[in-house]
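Chains as they are written, first to last, in our numbering: chain A, 1 to 39; chain B, 1001 to 1212; chain C, 2001 to 2212.
Beta carbons: idealized from backbone N, C-alpha and C, even for Gly.
Have a look at the structure below, then the notes.
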């Protein structure tokens, strides 16, 4: 729903990486794996 | 010139090994020289291309097929010992051979040989040929052995470089991730502090508005 | 049992090749059987370990050194043909050999042989041994050839994997950087938007304060 969308948009970027929570190797690898074709 | 020496047993003297040497220039089908020896006497004969063609015709076989049969019987020397029967009459010097197929014998060929006046020379030449062949094959084996050792060394070398490359690739990835995480987490700390500041400013404004 | 057949020339019959077969159980020094043939007649003799030790003593040589000389003269068969001189008396059946060193001949050994009653059997056995050795070396040859082909295939395989790894290593860095830049830019965009919002809030507050 729109409110959930808004919540996730506030918390995460379009690649699924959190704006606020520090990342680690595993999380970053997961974020990178979701990027289909890097420009 | 091609040559092959093989062991045969004659039906007339089954307890004595005989040696059959077949020598030919280009192909077996273009004619060959056949030498038979028992280590004491020797007999020699030349079989011409036309004789081979004639035998093939007599047997209603294509020449190539017949030559192939000749090769299996006189040259190859492999296969079960009872596949071929060899006959030689020391009186008539007639050498003949048959092929056995399921209890039926087929005459394969028949050649006239001549007794050699100086068999010792033929036997010496045959032994020399054997010794030369042994030396040749020994040299080839040594060459192949060296080649194999070289190939194994080369393989080990590339395998080592491949393993180093794999490790290096993993190390590059690990190093990059570490750097990326440092930079990203710095940016996230910045975002968190800006959010905090924004909230504080907005909270302060609310209080002022409320007091007013 | 070890065996070796080599070609020699007798000083008494330099135009006729003779064949020398030496056979031994464990080591040459523990005794051997020597067979000499010209392709027609054959002579055989046994040389015991004690005879070898005696000869070594007579020559004031260490037994091992003497056996080594025996090996070079009777077994190896390599080297220039004039390094060794072989003598055989068909009357006394005495076989002896010398080593030539700078125009000086050194007597190396001397053995009694016995004429074989059935030389054809000895000659047949010698030829059989040669044919078996040829087959053995041919089989080894084919095995080494197959090994050679396998090693070459393996080398090509690992070389290909190594080249792929090198390319992948170069590509992985580029690829990771590209992904990292995308994620980093998102954070930067967020920071910019937060700064903009903060400025707007601060600007709005100033205006309200001013109006008041």
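With 16 other Cβ atoms within 10 Å as the buried cut-off, status of residue 2109(C): For the purposes of this step, residue 2109(C) is identified with residue 109 of the third chain, where counting begins at 1. Residue burial annotation: residue 2109(C) is buried, with at least 16 other C-beta atoms found within 10 angstroms of its C-beta.
Under 8 Å between C-beta atoms of residue 2047(C) and residue 2031(C): Stepping through the third chain from its first residue, residue 2047(C) is reached at position 47. Stepping through the third chain from its first residue, residue 2031(C) is reached at position 31. Residue 2031(C) sits close to residue 2047(C), with the two beta carbons spaced by under 8 Å.
Chain C within 8 Å of residue 1189(B), Cβ atoms only: As a position in the second chain, residue 1189(B) is number 189, starting the count at 1. So no, residue 1189(B) is outside the interface.
Rounded separation between residue 2097(C) and residue 2084(C) - CA only: In the third chain, counting from the first residue as 1, residue 2097(C) sits at position 97. In the third chain, counting from the first residue as 1, residue 2084(C) sits at position 84. Their Cα atoms are separated by approximately 7 Å.
Segment limits, beta strand (DSSP E) that includes residue 3(A): One-based indexing of the first chain puts residue 3(A) at position 3. For residue 3(A), no beta strand (DSSP E) segment is defined; the enclosing uninterrupted segment is the alpha helix (DSSP H) at 2–11.
Per-residue contacts from residue 2204(C) into chain A (C-beta, under 9 Å): In the third chain, residue 2204(C) corresponds to position 204, counting from 1. In chain A, no part has a C-beta under 9 Å from the C-beta of residue 2204(C); the shortest such distance is about 21 Å.
DSSP beta-bridge partners of residue 1018(B): Position 18 of the second chain, counted from the first residue, corresponds to residue 1018(B). 1008(B).
Buried/exposed call for residue 1057(B), threshold 16 Cβ in 10 Å: Locating residue 1057(B) in the second chain gives position 57, counting from the first residue. Exposed is the call here.
Entirely enclosed beta strand (DSSP E) segments - the stretch 1054–1093 of chain B, minimum 3 residues: If we require 3 residues or more, the beta strand (DSSP E) runs fully inside the stretch 1054–1093 of chain B come out as 1084–1089.
Enclosing beta strand (DSSP E) for residue 2112(C) [first to last residue]: Numbered from its first residue, the third chain carries residue 2112(C) at position 112. Taken as a continuous stretch (DSSP letters only), the beta strand (DSSP E) holding residue 2112(C) covers 2104–2112.
N- and C-terminal bounds of the beta strand (DSSP E) containing residue 1036(B): Along the second chain, one-based indexing puts residue 1036(B) at 36. Start and end: 1031–1037.
Chain-ordered neighbours of residue 1195(B) on chain C, where CB pairs are closer than 8 Å: In the second chain, counting from the first residue as 1, residue 1195(B) sits at position 195. Near residue 1195(B) (Cβ distances below 8 Å), the residues of chain C are 2194.
Top-ranked residue by Cα proximity to residue 2022(C), from 2089(C), 2208(C), 2122(C): As a first step, residue 2022(C) is located in the third chain; it is residue number 22 there, counting from the start. Closest option to residue 2022(C), judged by alpha-carbon separation, among 2089(C), 2208(C), 2122(C): 2122(C).
Cβ distance (whole Å) where residue 1176(B) is taken to contact residue 2176(C) below 8 Å: Walking along the second chain from the start, residue 1176(B) turns up at place 176. Walking along the third chain from the start, residue 2176(C) turns up at place 176. Confirmed, Cβ separation roughly 5 Å.
As assigned by DSSP and simplified to three states, the class of residue 2047(C): Start at 1 with the first residue of the third chain, and residue 2047(C) comes out as number 47. Looking at residue 2047(C) - three-state DSSP - the assignment turns out to be strand.
Span of the alpha helix (DSSP H) around residue 27(A): What you label residue 27(A) is simply residue 27 of the first chain in a count that begins at 1. For residue 27(A), the enclosing alpha helix (DSSP H) begins and ends at 25–34.
Closest residue to residue 2013(C) among 2044(C), 2127(C), 2148(C), 2038(C) (Cα-Cα distance): Stepping through the third chain from its first residue, residue 2013(C) is reached at position 13. Per the Cα distances, 2038(C).
Per-residue DSSP class, three states only, for residue 1023(B): Within the second chain, residue 1023(B) is the residue found at index 23, counting from 1. The answer is strand: DSSP assigns residue 1023(B) an E or B state.
Cβ of residue 13(A) within 8 Å of any chain B Cβ: Looking up residue 13(A) in the first chain gives position 13. Taking Cβ atoms only, chain B never reaches closer than 8 Å to residue 13(A), which makes this a no.
C-beta atoms of residue 1136(B) and residue 1044(B) nearer than 8 Å: By one-based count along the second chain, residue 1136(B) stands at place 136. By one-based count along the second chain, residue 1044(B) stands at place 44. No, the pair does not count as a contact, with Cβ atoms beyond the cut-off.
C-alpha distance - residue 1150(B) paired with residue 2153(C), whole-angstrom precision: Reading the second chain from its first residue, position 150 is the one you call residue 1150(B). Reading the third chain from its first residue, position 153 is the one you call residue 2153(C). C-alpha separation (whole angstroms): 14 Å.
Amino acids of chain C, ordered along the chain, whose beta-carbon sits closer than 9 Å to that of residue 1184(B): As a first step, residue 1184(B) is located in the second chain; it is residue number 184 there, counting from the start. 2180, 2183, 2184, 2187, listed in chain order.
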